[in-house]
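Chains as they are written, first to last, in the numbering used here: chain X, 1 to 231; chain W, 232 to 315.
From the three backbone atoms N, C-alpha and C, an ideal C-beta is built for every residue, glycine too.
Since the model is a prediction, treat every value here as computed from it, not as a measurement.
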Amino acid sequence: MDTRQQWAQVLTAASAPVADHGAVLRTAMTLGLGVAPAAVGCSVTERAGSGFRTAASANDLALALDLAQYDADEGPCLSAASRGRVERLDPILPGPPYSAFAAAAGRHGVRSSLSIPLADVNRPAALNFYAVAPGFAAGDALREAELLARAVAALLRGRPEPPRVSDGELAEAEARRELLERARAVLAGSGGGTSEEAFAMLVRRSRTERRSIFDIAAEVVGSEAGDEVAS
Amino acid sequence: MIPDGQGLSLRDGMARSGMRFDELWLRQLGLGGDAGLLEVEAYVLGLLKTDRYQHDLLAQALNECFLERGEDHPVAYRSQPAVD
């Protein structure tokens, strides 16, 4: 499975989560290793009783760094999970606030870490990234890491992330969708083409006439209704 | 009309629009799209492969936003079949 296929698997599962998500979580951990060349570890930390545990990890390195934090009862993954705040150590410096973790990271050649809290999950949890270079979690890498965190959260939560839109906005979008569907049906029916070809026709008119596709769709539907009345 | 394949990428169009991904998801829903919220973001970031239809649906969703601002379809489309 290439990287895009892995993303497809994880995001499809995040859109319709199932109870047995172990295999998909493992794929997500593999994707975590790929967010940046410097990434060498990825794991999910979640609350377990009075402590924490690693629900999934890409490799023994990530697990070892998680365990170092659990043993010390402090660390960026615990803090991110408990406080719901991103914890970025970039670079990881010796000493407080996470001395044990810093020491363990140093022994493994890990120089930076990023822990992203997972929103609306059943137990406090975080997605962790460990890297051998500072500054790895920025730009595209950070965007990918954040998207992966949201997907993992959906898997653990057992339901997809709800879009932040109002009922009114959703109703309007559904009304527009219905209008487009009717226009596509009219064009496909009259031209003998597919619905996708009809969409392409509407797009082409939008571009050549420099108008909203919905205005054009309304004309198509209205014209069809007029023809029906006339006949 | 900007020729097929020319113009902004989905990613650059998204950055220029200033939209949130929730809004883009809503706009593609209104156009008949079925992608989930996270999938829409992944398409724009290039993490998921789009076919021509999916790409042009997202391009139109972005361009509808630009049309509302008086701009003319700055986001590129993939090649489309000839229309009589």
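| Query | Result |
| --- | --- |
| Buried versus exposed call for X/Val24 [16 or more other C-beta atoms within 10 Å across all chains shown] | buried |
| X/Arg4 versus W/Leu278 - alpha carbon distance | 6 Å |
| The region 123-138 of chain X contacting the region 76-87 of chain X, beta-carbon criterion three pairs below 8 Å | yes |
| The region 256-269 of chain W in contact with the region 298-309 of chain W per 3-pair CB rule at 8 Å | no |
| Spatial distance of W/Leu241 from W/Ala307 (CA atoms) | 8 Å |
| Euclidean distance between Cα positions of X/Ser112 and X/Glu144 | 17 Å |
| Test: W/Gln285 CB closer than 8 Å to a CB of chain X | no |
| Within chain X, the residues that W/Met232 reaches when beta carbons sit closer than 7 Å | Arg207, Thr208 |
| Min CB distance X/Arg159 to chain W below 8 Å | no |
| Range of the contiguous alpha helix (DSSP H) that encloses W/Tyr274 | 268-276 |
| Segments assigned beta strand (DSSP E), at least 3 residues, entirely inside the region 116-144 of chain X | 125-131 |
| Beta-carbon neighbours of X/Ser15, restricted to chain W and to distances below 9 Å | Ala266, Gly267, Leu268, Leu269, Glu270 |
| 7 Å Cβ cut-off: residues of chain X touching W/Asp253 | Pro163, Arg164, Val165 |
| Residues that DSSP places opposite W/Val306 in a beta bridge | W/Leu239 |
| Residue burial classification, X/Met1 (beta-carbon count within 10 angstroms, cutoff 16) | exposed |
| Per-residue burial, W/Met232 [other beta carbons within 10 Å of its own, 16 or more giving buried] | exposed |
| Minimum length 4: unbroken alpha helix (DSSP H) runs contained in the region 31-90 of chain X | 60-72, 76-83 |
| X/Leu114 - DSSP class collapsed to helix/strand/coil | strand |
| Where W/Tyr284 falls: helix, strand or coil (DSSP) | helix |
| Per-residue burial, X/Glu46 [other beta carbons within 10 Å of its own, 16 or more giving buried] | buried |
| Status (buried if at least 16 other CB within 10 Å, exposed otherwise) for W/Pro312 | Bear in mind that the predicted position of W/Pro312 carries a pLDDT of just 44, short of 50, making it too unreliable to give a figure here. |
| Range of the contiguous alpha helix (DSSP H) that encloses X/Ser166 | Element bounds for X/Ser166: n/a, residue is neither H nor E. |
| Rounded separation between X/Val132 and X/Phe199 - CA only | 48 Å |
| Neighbour flag for X/Val18 against chain W, beta carbons, 8 Å | no |
| Option in X/Thr54, X/Ala104, X/Gly95, X/Glu178 with minimal Cα separation from X/Met29 | X/Thr54 |
| Buried/exposed call for X/Thr208, threshold 16 Cβ in 10 Å | exposed |
| X/Val203, enclosing alpha helix (DSSP H) - first and last residue | 195-209 |
| Neighbour flag for X/Arg182 against chain W, beta carbons, 8 Å | no |
| Short CB-CB distance (under 8 Å) between X/Glu196 and chain A | The displayed structure is made up of protein chains X and W, and chain A is not among them. |
| Own chain partners of W/Ala290 with C-beta closer than 6 Å, once the 5 adjacent residues on each side are dropped | Val306, Tyr308 |
| Within 8 Å, strictly: CB atoms of X/Val165 and W/Leu257 | yes |
| CB of X/Leu148 within 8 Å of CB of X/Val221, strictly | no |
| Segment contact flag, the region 151-171 of chain X with the region 10-21 of chain X, C-beta cutoff 8 Å, min 3 pairs | yes |
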